[in-house]
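Have a look at the structure below, then the notes.
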Amino acid sequence: MTGVLSSQQIDGMVLSGAIAADTPITQAQIQPASLDLRLGDIAYRVRASFLAGQGRSVTERLHAFEMHRIDLTAGAVLEKGCVYVVPLMERLELPEHVQATANAKSSTGRLDLLTRAVTDGGAEFDRVPAGYQGPLYAEICPRSFSVLVRPGMRLNQIRFSTGDAVLTDADLAALHATDKLVDCTPVIGDGLGFSVDLRPEAGTLVGYRAKPHAGVIDLDRIAHYNPADFWEEVHSAEGQIILDPGAFYILVSREAVHIPPQYAAEMAPYLAMVGEFRVHYAGFFDPGFGHGAAGGTGSRGVLEVRCHEAPFVLEHGQIVGRLIYERMETVPETLYGAGLSSNYQGQGLKLSKHFK
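Those letters in the sequence shown? Residues 138 to 493, per our numbering, in order.
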């Protein structure tokens with residue numbers, strides 16, 4: 138069989154030692170199709186982002202790029218604009234047929250907190266080859282806000298798979314015919330296209346833009362911060378906005394998305410030729426996202442948008458990304474939003490869980 142491994146299979150990998158940690162892995166870390174990874178006790182401030190490269194370890198590379206070490210035990214601030222490498226508590230001894238892919242968790246992405254997994258011998262961020270045996274590290278670069286972190290915090294997650302589980306465009310069309318993946322006519326081409334909503338049903342609020350000189354966010358504080366201290370509201374009465382170079386925005390998809398229980402999905406940026414921006418840094422959708430939410434109409438996807446070199450006009454309904462659906466090897470025993478403390482099921486335009 139091929140597919141993404143479910144929560145019960147991840148449980149089995151923990152029991153077998155394929156996933157291990159000196160501090161025992163908890164059930165709270167195990168999601169329907171992924172495992173939350175925990176920060177260790179030390180952060181290394183480095184001069185630049187790096188990959189280990191074939192035949193080299195992250196430890197070797199740290200010797201070349203480390204500036205200083207920060208003890209996270211009592212909590213420490215990771216400064217905006219700086220790059221850090223943090224050893225994670227978890228390590229892997231993957232079977233030869235199992236590979237893994239990591240990504241930032243939703244709340245991490247919504248804070249513009251660039252978080253990527255790094256491995257020994259790795260030539261790509263967030264990709265762990267089949268049969269990998271060794272430690273895991275998180276590269277963390279706060280882009281908009283400085284953050285206070287502690288050991289055990291979960292900023293990124295990892296999912297495991299066997300073989301090629303990606304659905305073809307023909308598969309997607311057939312699945313939409315039976316399971317209605319979006320609440321409109323689907324745009325299918327190298328995945329399921331999704332667009333931006335700049336004409337809300339009520340009012341003119343279409344998104345938020347990160348303020349450039351905001352305070353520190355303690356990642357343990359939930360529903361604590363006043364959004365106005367960190368975000369500017371973005372309004373539009375014409376169905377368009379102009380993105381400013383270097384600015385970070387929270388917007389929302391026009392489509393309500395549905396991930397059936399036997400599938401997972403990854404949100405990928407659209408082709409660079411459509412505009413000078415990137416959408417979504419935290420792009421994994423667990424099985425059950427939007428399943429049965431809001432009367433069965435799905436949940437809208439929050440878009441984390443960063444503009445690059447030039448100002449860019451973004452218009453209502455413009456395609457900005459695509460969803461890549463993957464088969465699950467087995468259906469998870471618990472789905473996203475069903476019995477889990479899922480923060481974003483049934484969501485619309487929504488900031489991270491740290492804000493009131």
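Positions of the beta carbon are idealized from the N, C-alpha and C atoms, including for glycine.
- GLU227 sits buried, since 16 or more C-beta atoms from the chains shown fall within 10 Å of its C-beta.
- Here GLU392 has VAL319, ASP320, CYS321, PHE331, SER332, GLY435, ARG437 and GLY438 as same chain residues with Cβ atoms under 8 Å from its own Cβ, once five neighbours each way along the sequence are excluded.
- Contact between the stretch 335-350 and the stretch 257-270 is not established, with fewer than three Cβ pairs separated by less than 8 Å.
- By the beta-carbon neighbour count (other beta carbons within 10 angstroms, threshold 16), HIS428 is buried.
- Beta-bridge annotation (DSSP): SER298 is paired with VAL141 and GLN236.
- Across the structure, LYS487 and GLY192 are spaced so that their CA atoms are roughly 43 Å apart.
- Counting along the chain, the unbroken alpha helix (DSSP H) around ALA307 starts and ends at 306-316.
- By the neighbour-count definition (other C-beta atoms within 10 Å, threshold 16), PRO161 is an exposed residue.
- Burial state of GLU441 is buried, judged by a 10 Å Cβ sphere holding 16 or more other Cβ atoms.
- Your pair ARG464 and LEU304 checks out as a contact, with CB atoms roughly 7 Å apart and the cut at 8 Å.
- Residue environment: VAL450 is assigned as exposed (fewer than 16 neighbouring CB atoms within 10 Å of its CB, all protein chains considered).
- Fewer than three pairs of CB atoms, one per stretch, sit closer than 8 Å, so the stretch 181-190 makes no contact with the stretch 147-157.
- Within the stretch 440-472, no alpha helix (DSSP H) run of at least 4 residues lies entirely inside it.
- Bridge pairing for MET404: LEU460 [DSSP].
- Bounds of any beta strand (DSSP E) do not take in SER194, whose DSSP letter is neither H nor E.
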